[in-house]
Amino acid sequence: MLYNFKDMHVVTALLLIVLMTFIVFSTDNPLILLSIFIFCQAIFMMTGSREKIKKGLVYFIPFAAVSIIINFLFVDEGSTILFIAFGKNFTLEALIYALIFSSKLLLIIYIFSMIELLLNNDGAVSYFSSIMPKSTLLLTISFKLFPNLKRRINTLREVYSLRGVDFESKSIKEKAKSYTPILANLLGTSMEEAFDIGESAYVRGFLSGKRSVYQRQKASKKDIILSLHMFIILILFIFLKFKKLDTFDIYNNFRWQVLLNYYVLLMSIAILTLILSFYLNWRNKES
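The sequence shown begins at 0 in numbering that gives the first Met the number 0 and counts up one residue at a time.
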């Protein structure tokens with residue numbers, strides 16, 4: 000049974016992404032980070048997007064390995080020695096800190112991967128067109144322009160290769176010389192396309208008056224419930240930061256009571272119950 004969350008309001012989805020990103024960047028507490036990790040996994044499993052889990056790990060594993068090596072080489076702090084090599088102590092604390100640091104990158108990858116699962120592309124374009132028409136038009140043209148340029152570069156390269164132009168030269172000067180006609184061609188065609196787009200927009204009266212919106216999203220009851228849930232999480236997290244209750248310093252006087260205090264547990268439960276909110280509010284939206 001797969002769930003479809005794309006009827007969520009654009010603002011609700013963006014607030015969720017911003018909130019999760021803010022928490023990840025603002026805390027090192029492993030229990031809170033673990034809660035966000037479990038939440039992301041639940042969203043991926045509910046939408047049948049298990050491939051995103053694997054893609055995140057592809058980036059995480061090499062980054063984690065590099066972080067561990069660097070931390071081992073340059074950090075001597077820590078009381079629990081794992082092994083000694085070349086007269087240097089390699090500590091458990093350095094390993095844990097490197098894993099927590101690299102896990103934050105993994106969480107950011109997962110959080111931004113959820114955008115595709117939560118946002119309806121047409122709904123997002125329609126919403127932002129109604130409040131930022133110029134910026135939305137510019138971004139839309141840009142997203143369309145770059146793939147077209149890439150395809151045109153490949154086409155032009157094939158054409159000029161048939162004409163005897165060598166693009167495989169090892170000399171930087173020769174490479175620059177061989178790509179000059181391609182860049183000149185792209186510059187001319189890009190300017191022509193820009194004028195065509197401008198003329199088309201002018202004829203249609205774009206930005207000459209109040210813009211009509213053909214697809215306007217309305218916040219539903221489930222959007223309001225989810226927003227209230229996120230607001231509670233935000234207030235609780237601000238309280239944790241203000242009281243420094245989420246502080247996690249593996250090197251100095253680490254105690255399990257600090258990691259597992261009541262408010263951190265409450266914060267973790269609040270994040271995990273987001274899974275329940277998604278399930279209860281979208282259980283009739285299976286696909």
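Idealized CB from N, CA, C, for every residue including glycine.
CB contact flag (residue i, residue j, <8 Å)
i, j, result
"residue 32", "residue 104", "no"
"residue 271", "residue 21", "no"
"residue 241", "residue 266", "no"
"residue 227", "residue 280", "no"
"residue 73", "residue 46", "no"
"residue 181", "residue 161", "no"
Cβ separation of residue i and residue j, assumed to be a contact under 8 Å, to the nearest whole Å
i, j, result
"residue 245", "residue 28", "4 Å"
"residue 356", "residue 110", "Outside the shown range of the chain, which is 0 to 286, sits residue 356, and nothing can be said about it."
"residue 116", "residue 48", "6 Å"
"residue 231", "residue 269", "6 Å"
Residue from the options with nearest C-alpha to residue i
i, options, result
"residue 239", "220, 223, 259, 98", "259"
"residue 278", "15, 93, 17, 41", "41"
"residue 276", "155, 220, 235", "220"
"residue 130", "10, 261, 274", "10"
"residue 179", "24, 94, 152", "152"
"residue 263", "274, 273, 243", "243"
"residue 185", "147, 160, 176, 170", "147"
"residue 12", "54, 87, 114", "114"
"residue 30", "170, 99, 157", "99"
"residue 183", "171, 89, 233, 159", "159"
Proximal residues to residue i (C-beta, below 7 Å), its chain only, five neighbours per side dropped
i, result
"residue 101", "59, 62, 63, 66"
"residue 14", "226, 229"
"residue 177", "164, 165, 166, 168"
"residue 273", "38, 228"
"residue 25", "240"
Assigned secondary structure, residue i (DSSP; H/G/I helix, E/B strand, else coil)
i, result
"residue 286", "Residue placement at residue 286 is poorly supported in this model, since its pLDDT is 48, which falls under 50; the coordinates still yield a value, given next. Looking at residue 286 - three-state DSSP - the assignment turns out to be coil, as it is neither helix nor strand."
"residue 87", "strand"
"residue 12", "helix"
Close Cβ partners of residue i (< 6 Å) along its chain, the five nearest in sequence each way excluded
i, result
"residue 112", "51"
"residue 326", "A query on residue 326 cannot be resolved here, the shown segment of the chain reaching from 0 to 286 and no further."
"residue 118", "12"
"residue 55", "105, 108, 109"
Residues of its chain near residue i, where Cβ-Cβ distance is below 8 Å and the 5 sequence neighbours each way are ignored
i, result
"residue 94", "67, 70, 71, 81"
"residue 188", "151"
"residue 36", "102, 105, 106, 109"
"residue 290", "Residue coverage of the chain in this structure runs from 0 to 286, which leaves residue 290 outside it and unanswerable."
"residue 16", "110, 111, 113, 114, 117"
"residue 173", "165"
"residue 23", "32, 35, 103, 106, 107, 110"
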